[in-house]
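The opening residue of the sequence shown carries number 1 in the UniProt record's numbering; numbering runs sequentially from there.
Even glycine gets a Cβ: it sits at the ideal position worked out from N, Cα and C.
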Amino acid sequence: MSNKKQSFNKTMISDFDRVLDHRGMSSLKWEFIARNGEPEPWDQTDPELENEQVLSMWVADMDFRTAEPVIKALRDRVDRGIYGYAAKTPEYLDAVKGWMKRRHDWNIEVDWIVPTVGIVPALNMIVRQFSEPGEKVLIQRPVYYPFTNSIRNNNRMVLCNPLTLKDNRYFMDFEDLELKARDQEVKLMIMSNPHNPVGRAWSSEELQRVGEICLRNNVLLVSDEVHGDLIMPGHRFKPYGLQESRLAENCIVCTAPSKSFNLAGL
């Protein structure tokens with residue numbers, strides 16, 4: 001390992017021993033719900049509960065300080081005092097390409113990269129671009145609720161291929177998926193990989209079966225892979241783009257640094 005790589009890895013290590021309290025900072029996780037009249041994340045009327053000891057775990061928002069290179073880059077930009085439109089620079093494209101290669105052994109081309117303001121806006125754009133009002137979009141519940149919103153808010157219909165629970169582990173129901181994908185009104189399938197909230201990192205074999213069904217039935221696959229960097233020991237995340245080209249070319253992969261580096265507020 002080169003000294004340069006050793007230095008890079010050292011600077012990217014975050015401090016997971018210190019939990020930061022970001023209440024009082026307009027944090028959605030801790031305060032926004034209570035301020036808007038919804039139930040608070042803890043019961044302040046219960047004398048047995050000390051608020052500081054209760055964990056707010058309803059949203060994917062960490063209480064750890066992000067990596068120092070991210071903080072430094074933001075500080076440098078803030079200190080310049082100019083916050084105009086950002087360009088899609090070669091450095092930015094190379095950073096995305098390099099990350100995918102180093103972390104997931106996925107060789108991507110820079111002309112595949114289409115920046116958006118976020119995955120949820122991207123899903124809405126994809127639904128509008130690749131389907132018509134009244135047509136159907138497949139999802140696999142239980143799943144991240146904005147999938148449903150991105151479909152219904154654009155006047156499309158939700159068609160559910162429910163996951164099945166066996167021995168405390170979720171699986172895809174491929175027979176049901178095949179049946180529903182044959183519906184001529186189905187134009188898209190939105191998949192969560194790794195799955196939010198059930199936690200499955202789908203295997204290569206499972207991804208191939210999904211891809212084959214979608215390709216065979218002219219259904220465009222959309223894979224939300226925002227949690228791909230957060231994998232438990234003993235498991236491995238497989239980007240859908242690692243499938244053979246005939247399957248990968250029938251897919252749009254959505255990803256972001258928001259979960260990996262806790263940047264959802266930017």
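Counting only runs that start and end inside the stretch 191-244, the alpha helix (DSSP H) elements of at least 4 residues fall at 204-216. In terms of Cα proximity to V96, the closest of G265, L266, A264 and T255 is T255.
Contact annotation: P197 and H104 have beta-carbon atoms that are not nearer than 7 Å. In the three-state scheme derived from DSSP, where H, G and I count as helix and E and B as strand, I252 is classed as strand. If you check the CB distance, P146 and V117 do not come in under 7 Å. By the Cβ test, the stretch 82-101 is not in contact with the stretch 219-227, since fewer than three Cβ pairs between them sit closer than 8 Å.
When the beta-carbon positions are compared, V186 and S223 stay at least 7 Å from each other. Taking C-alpha positions only, Y83 is separated from M57 by approximately 33 Å. With three or more CB-CB distances shorter than 8 Å, the stretch 120-135 counts as touching the stretch 173-191. In the DSSP assignment, L93 falls within the unbroken alpha helix (DSSP H) covering P90 to H104. Here S150 is buried: its Cβ has 16 or more other Cβ atoms, across all protein chains shown, within 10 Å.
Each residue's CA atom was taken as its position, placing S203 and D79 some 45 Å apart.
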